[in-house]
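**Q** Mind having a look at this structure? Questions to follow.
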Amino acid sequence: MPWINVEDLEETIRKHKIVIADFWAEWCVPCKAVEDLLRRLEAKLSIKGFNVIIARVDVEENPEEAARYGVMGLPTVILFVEGEEKVRHTGGPAGLERKIMRAINTL
Numbered sequence: 824m825p826w827i828n829v830e831d832l833e834e835t836i837r838k839h840k841i842v843i844a845d846f847w848a849e850w851c852v853p854c855k856a857v858e859d860l861l862r863r864l865e866a867k868l869s870i871k872g873f874n875v876i877i878a879r880v881d882v883e884e885n886p887e888e889a890a891r892y893g894v895m896g897l898p899t900v901i902l903f904v905e906g907e908e909k910v911r912h913t914g915g916p917a918g919l920e921r922k923i924m925r926a927i928n929t930l
């Protein structure tokens, strides 16, 4: 499951069936905890055979992407399935894995 840094999230979402977008900033302490959780989740999903792209969007370098997707706080994680937003989570990692797994397990 690749991790990529993106400048054009829309193109990434269009090209891949399942995309987890991680909106973050270097100064954001909770963003680091969410990144750690996504790395663990990456291993779980890979074992289950899901081909998921984790797209990291640095909001300091790409503020237009954050605005385009209505990101109002950090960290924000959005799960897209076939181009459609299925899960949006803002804040620390509590509850994030459960939300993503619930949505992906219904595929």
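The working numbering puts the first residue of the sequence shown at 824, with every later residue one more than the last. Note that the Cβ used here is the ideal one computed from N, Cα and C, for glycine as well. Small disclaimer: the values here were computed from a predicted structure and weren't measured.
Using the beta-carbon count (16 or more within 10 Å), is I901 buried or exposed?
**A** Label assigned to I901: buried.
**Q** Quick check on the burial criterion: 16 or more other C-beta atoms within 10 angstroms. Buried or exposed for V852?
**A** It counts as exposed.
**Q** State the Cα-Cα distance for the pair T835 and E887, rounded to the nearest angstrom.
**A** Straight-line Cα distance between these residues: approximately 15 Å.
**Q** What does a CB cutoff of less than 8 Å around R837 pick up in its chain, not counting 5 residues either side in sequence?
**A** Result list for R837: G906, in chain order.
**Q** Does the beta-carbon of A844 have 16 or more other beta-carbons within 10 angstroms, so that it is buried, or is it exposed?
**A** By the 10 Å Cβ count, A844 comes out buried.
**Q** Less than 8 Å between the C-beta atoms of I923 and N874, yes or no?
**A** Cβ atoms of I923 and N874: not closer than 8 Å.
**Q** Starting from E865, trace the alpha helix (DSSP H) in both directions and tell me its first and last residue.
**A** E865 -> alpha helix (DSSP H) spans 852-870.
**Q** Using the DSSP secondary-structure output, state which residues sit across from D831 in a beta bridge.
**A** According to DSSP, D831 bridges with nothing at all.
**Q** List the whole-angstrom C-beta distance separating L860 from P916, where the pair is believed to meet the contact cut-off of C-beta under 8 Å.
**A** Confirmed, Cβ separation roughly 4 Å.
**Q** Count the other CB atoms within 10 Å of the CB of L919; is the residue buried (16 or more) or exposed (fewer)?
**A** Buried, because 16 or more other Cβ atoms sit within 10 Å of the Cβ of L919.
**Q** So the candidates are D831, A866, V880; which of them puts its Cα closest to the Cα of C854?
**A** Nearest of D831, A866, V880 to C854, Cα basis: V880.
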